[in-house]
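S.K.:
Number of protein chains: 2
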Amino acid sequence: MSSNPTPRTRIVREPQRAVYDRDTINQILDEAFLCHVGFAVNSNSDFQPYVIPTSYGRNGDMLYIHGSAASRMLRNLDQGVPVCITVTLLDGLVVARSVFNHSMNYRSVVILGTATLVDDPAEKLAALRALSEHIIPGRWDDARQPNEKELKQTSVLRLPINEFSAKVRVGPAVDDEEDYAFPTWAGVIPLEMTVGAAIRDDRCERELPAYLKTYSRRKEKMG
Amino acid sequence: MSSNPTPRTRIVREPQRAVYDRDTINQILDEAFLCHVGFAVNSNSDFQPYVIPTSYGRNGDMLYIHGSAASRMLRNLDQGVPVCITVTLLDGLVVARSVFNHSMNYRSVVILGTATLVDDPAEKLAALRALSEHIIPGRWDDARQPNEKELKQTSVLRLPINEFSAKVRVGPAVDDEEDYAFPTWAGVIPLEMTVGAAIRDDRCERELPAYLKTYSRRKEKMG
Chain C
1 MSSNPTPRTR IVREPQRAVY DRDTINQILD EAFLCHVGFA VNSNSDFQPY VIPTSYGRNG
61 DMLYIHGSAA SRMLRNLDQG VPVCITVTLL DGLVVARSVF NHSMNYRSVV ILGTATLVDD
121 PAEKLAALRA LSEHIIPGRW DDARQPNEKE LKQTSVLRLP INEFSAKVRV GPAVDDEEDY
181 AFPTWAGVIP LEMTVGAAIR DDRCERELPA YLKTYSRRKE KMG
Chain B
224 MSSNPTPRTR IVREPQRAVY DRDTINQILD EAFLCHVGFA VNSNSDFQPY VIPTSYGRNG
284 DMLYIHGSAA SRMLRNLDQG VPVCITVTLL DGLVVARSVF NHSMNYRSVV ILGTATLVDD
344 PAEKLAALRA LSEHIIPGRW DDARQPNEKE LKQTSVLRLP INEFSAKVRV GPAVDDEEDY
404 AFPTWAGVIP LEMTVGAAIR DDRCERELPA YLKTYSRRKE KMG
């Protein structure tokens, strides 16, 4: 399934790296769980952008973020300010012969739209479950689920995944033909977010559950 | 060395995680090399924020980013639009007994300011060298350095690291006292950006240089 880019999401730079199909976007969104949310705050006559890292969940074509009602982000977002949510996965350093052709292998998604507050209690609970299951599948049913007081303290925002684009770079360095003779190493240094040995809490005596023993973010190898 | 936060950079949410001292900010900036740049574009009567991932370099109290003059980001930034540059390092998933107290261990820096175009050729070259050495120390002198044509095709922007804050969370899960009896595993799942085995280019016959053999982002272990 593919989607046509709007003038706002059409890739300007390196258009050969552009991806507009929803399956690829969903793969990237499902492998990552950290996004950077951009919003602008009107300060005097100017607009100051803010970029805040936060986790997210996906439910079909809807992205959900959450936070405390006290945060600067949510104080501003619930007024209906336009947002940009960007998700980036780093896959490697591309080491070329020329400094100019150095690059990175990466997969990134940019989603534009207006985030709105989730009021309906059922949608809010489903969104929080989607967020939890997105980060650690299996955790929701194994943890103490939110009570009324906690639900009140948590704001959830939804952003429809309608206006989006992705950029993907894979593969080796591409040098100018005359540079291939330059006497230096060239290639790719792979980068990956890896999971270390679980650190059990001092006040916990349980064995590590299966869903944490096999925890990994990598869903599919690209490039 | 510490710096007072402005009303715009003072941490609102979880203020106990706030860090305003320049040494900590520089440590975070030096371990990461990917930032998310936020800027707002005036579209009709509204301001649409964009958040773009890119690499950066640091030279003292100055942050440098670069890109093609053709990019949407640089087309807008060189008009002097205010920016927010955010850098985030993920250190772990904090697995609490309650869904509500789940968290992440992370270190993030937010810098606000106005990015300006670097015109001076000497500063531009020094900035590109800082960028290259920030990502792969030792690479600049081992690669074919930029020529006049490439320098013309590359725009460099500087952002003074003057108005900033950081947020740092380290350590174990913190649950409500009554939840410690809840029968589930709790602890921390460490996450780290790790380096895979170098993939030599098909057209390269050189040995991997020492500065790539020992390549790692982790400068210092925190929590």
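Read top to bottom, the protein sequences are chains C and B. Residues 1 to 223 (our numbering) make up the first sequence, in order. Residues 224 to 446 (our numbering) make up the second sequence, in order. Every residue, glycine too, gets a C-beta built ideally from N, C-alpha and C. Values in this document were obtained by computation on a predicted structure and should not be read as measured data.
1) Throw me the rounded Cβ distance for the Val-411/B and Gly-315/B pair, which I believe falls under 8 Å.
2) Closest by CA to Arg-8/C, which one among Glu-163/C, His-66/C and Asp-61/C?
3) Can you tell me whether Arg-441/B is buried or exposed, with buried defined as 16 or more other CB within 10 angstroms of its CB?
4) Rounded to whole angstroms, what is the Cα-Cα separation between Phe-262/B and Asn-42/C?
5) What in chain B is Cβ-close to Arg-200/C, meaning under 9 Å?
6) Could you tell me how far apart the beta carbons of Pro-53/C and His-36/C are, in whole angstroms, since I believe they sit closer than 8 Å?
7) Sorted by chain position, which residues of the same chain lie with C-beta nearer than 6 Å to Met-222/C's C-beta, five sequence neighbours on each side aside?
8) On the criterion of 16 or more Cβ atoms from any shown chain inside 10 Å, does Thr-86/C qualify as buried, or is it exposed?
9) Which residues in the same chain as Met-224/B place their Cβ atom closer than 8 Å to its Cβ, once the five residues preceding and following it in sequence are excluded?
10) According to DSSP, Ser-216/C sits in a beta bridge with which residue or residues?
11) Is DSSP giving Val-81/C helix, strand or coil here?
12) With a 10 Å radius around its C-beta and 16 neighbouring C-beta atoms as the bar for buried, classify Ala-197/C as buried or exposed.
13) Residue range of the alpha helix (DSSP H) that Gln-376/B falls in?
14) Could you spell out the range, first to last residue, of the alpha helix (DSSP H) harbouring Gln-250/B?
15) Express the C-alpha separation of Asp-30/C and His-357/B in angstroms, rounding to a whole number.
16) Contact criterion: CB-CB distance below 8 Å. Does Val-429/B meet it with respect to chain C?
17) How big is the Cα-Cα spacing for Met-62/C and Glu-401/B?
18) Find the nearest neighbour of Ala-210/C within the set Asn-324/B, Ala-353/B and Thr-407/B, judged by alpha-carbon distance.
19) Where do the N-terminal and C-terminal ends of the beta strand (DSSP E) with Glu-207/C fall, by residue?
20) Nearest by alpha-carbon distance to Arg-381/B: which of Asn-328/B, Arg-330/B and Thr-337/B is it?
21) State the DSSP-derived secondary structure class of Val-274/B, mapped to helix, strand or coil.
22) I want to check one thing, is the minimum distance from the CB of Glu-133/C to the heavy atoms of the ligand SAM below 7 Å?
23) What are the boundary residues of the beta strand (DSSP E) that His-134/C is part of?
24) If you drop the 5 nearest sequence neighbours on each side, which residues of the same chain put their C-beta closer than 7 Å to that of Gln-145/C?
25) Run down chain C in chain order and give the residues with a C-beta less than 8 Å from the C-beta of Arg-320/B.
26) In chain B, which residues lie less than 7 Å from Ala-173/C when you measure between Cβ atoms?
27) So, does the CB of Val-418/B fall closer than 8 Å to a CB anywhere in chain C?
28) Does any residue of chain B bring its CB to less than 8 Å from the CB of Arg-8/C?
29) Sort out for me which residues DSSP pairs Ala-263/B with in a bridge.
30) Can you tell which of Val-94/C, Gly-60/C, Gly-80/C and Lys-149/C has its C-alpha closest to the C-alpha of Ser-321/B?
31) Under 8 Å, CB to CB, which of the residues in the segment 46 to 65 of chain C have a partner in chain B?
32) What would DSSP say about Tyr-106/C, mapped onto helix, strand or coil?
33) According to DSSP, which residues form a beta bridge with Glu-163/C?
34) Ordered along the chain, which non-local residues of its own chain (more than five positions away) have a Cβ less than 7 Å from that of Thr-116/C?
35) Whole angstroms are fine: how far does the CA of Ala-319/B sit from the CA of Thr-202/C?
36) Report back the beta-carbon spacing between Val-333/B and His-325/B to the nearest angstrom; my notes put them in contact at under 8 Å.
M.R.: The answer reads as follows:
1) 5 Å
2) Glu-163/C
3) exposed
4) 13 Å
5) Trp-408, Ala-409, Gly-410 and Val-411
6) 6 Å
7) Bear in mind that the predicted position of Met-222/C carries a pLDDT of just 47, short of 50, making it unreliable; the figure below should be weighed with that in mind. Once the five neighbours on either side are set aside, the close Cβ partners of Met-222/C are Val-170.
8) buried
9) For Met-224/B, the pLDDT reaches just 49, beneath the cut-off of 50, and the residue's location in the model is therefore unreliable, leaving the point undetermined.
10) According to DSSP, which records beta bridges pairwise, Ser-216/C is partnered with nothing at all.
11) coil
12) exposed
13) 371 to 376
14) 245 to 254
15) 30 Å
16) Going by the sequence as given, residue 429/B is Arg instead of Val. At least one chain C Cβ lies under 8 Å of Arg-429/B.
17) 35 Å
18) Thr-407/B
19) Segment: none, Glu-207/C is in no beta strand (DSSP E) and carries neither H nor E.
20) Thr-337/B
21) strand
22) Absent from the structure shown: the ligand SAM. Ligands present: none.
23) No beta strand (DSSP E) holds His-134/C; the alpha helix (DSSP H) holding it covers 121 to 135.
24) none
25) Ala-143 and Arg-144
26) Asp-424
27) yes
28) yes
29) Pro-272/B
30) Lys-149/C
31) Asp-46, Phe-47, Gln-48, Pro-49, Tyr-50, Val-51, Ile-52, Pro-53 and Ser-55
32) strand
33) Leu-112/C
34) Gly-80, Leu-157 and Arg-158
35) For the sequence presented, residue 202/C should be read as Asp rather than Thr. The alpha-carbon atoms of Asp-202/C and Ala-319/B are separated by roughly 12 Å.
36) Val-333/B to His-325/B, Cβ: 23 Å. No contact.
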